[in-house]
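Numbering (the numbering used here), first residue to last: 49 to 300.
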């Protein structure tokens with residue numbers, strides 16, 4: 049029987065010192081990588097650098113902290129690139145102390161992106177720090193197949209996200225955080241995906257790498273009262289459902 053492949057749905061490959069080595073290690077571990085980017089320029093650079101490499105998809109992103117200072121030309125460039133992108137991310141809203149000053153600009157960019165009907169046919173990984181209810185409301189209205197990356201918001205908004213058909217991606221830092229325990233207990237296995245947010249998130253004392261999704265899988269299996277194989281199959285089925293919803297073929 050073939051072991052189902054897993055996907056790191058949110059990894060900043062371009063932020064590692066040795067991205068090719070990291071991708072080779074992930075491929076050897078059977079982990080497909082979604083390489084998120086923070087702006088259209090970085091998306092184009094990373095696509096050029098990685099070429100048609102197996103085991104990775106480069107996602108077209110516009111991080112809210114960058115979107116806050118975006119010009120109309122920057123947004124137009126993002127929308128022009130959208131047809132060639134198989135995944136979208138990292139996009140979203142950030143109303144934390146860091147992003148509060150650009151709240152209006154972020155909303156303008158996020159809503160313009162969500163208004164493009166092409167987003168309904170692509171998986172989207174979304175940043176929502178300090179703006180979780182606002183982000184969930186907009187995603188629900190746009191009917192976008194979206195993943196809430198590293199969710200740290202109120203539990204009261206989780207049910208709204210689930211009702212809207214949204215997904216939650218879990219990383220190594222989350223499974224080590226006491227603050228994340230109520231969220232992990234609340235989420236149904238059918239709505240969980242894996243991520244690392246490497247190298248910014250950590251796995252123990254080092255930056256997380258894509259193969260760390262295997263440790264997260266083990267933790268979730270114990271939480272759900274499943275074997276690791278059962279949990280792997282459940283998450284692989286979740287990935288397949290997300291891709292089918294978005295019209296995205298399985299990873300190469």
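Where a beta carbon is used, it is the ideal one built from N, C-alpha and C, also for glycine.
In the structure shown, residue 140 adopts extended strand secondary structure according to DSSP, grouped into three states. The beta carbon of residue 257 lies closer than 6 Å to those of 70 and 246 in the same chain, with the five residues before and after it left out. In this structure the region 130–140 touches the region 102–114; the number of beta carbon pairs closer than 8 Å is three or more. Rounded to whole angstroms, the gap between the alpha carbons of residue 146 and residue 292 is 36 Å.
Straight-line measurement puts the Cα of residue 64 at about 24 Å from the Cα of residue 225.
For the pair of segments examined, the region 87–104 was found not to touch the region 276–293: the number of CB pairs separated by less than 8 Å stays below three. Excluding the 5 residues flanking it on each side, residue 267 has same chain C-beta neighbours closer than 6 Å at 223, in chain order. If only uninterrupted beta strand (DSSP E) runs of at least 3 residues are considered, those enclosed by the region 106–142 are 135–140. Cβ contact annotation for residue 61 (same chain, cutoff 6 Å, sequence separation greater than five): 67 and 83, in chain order. Taking C-beta atoms as the reference points, residue 116 and residue 151 count as a pair closer than 9 Å.
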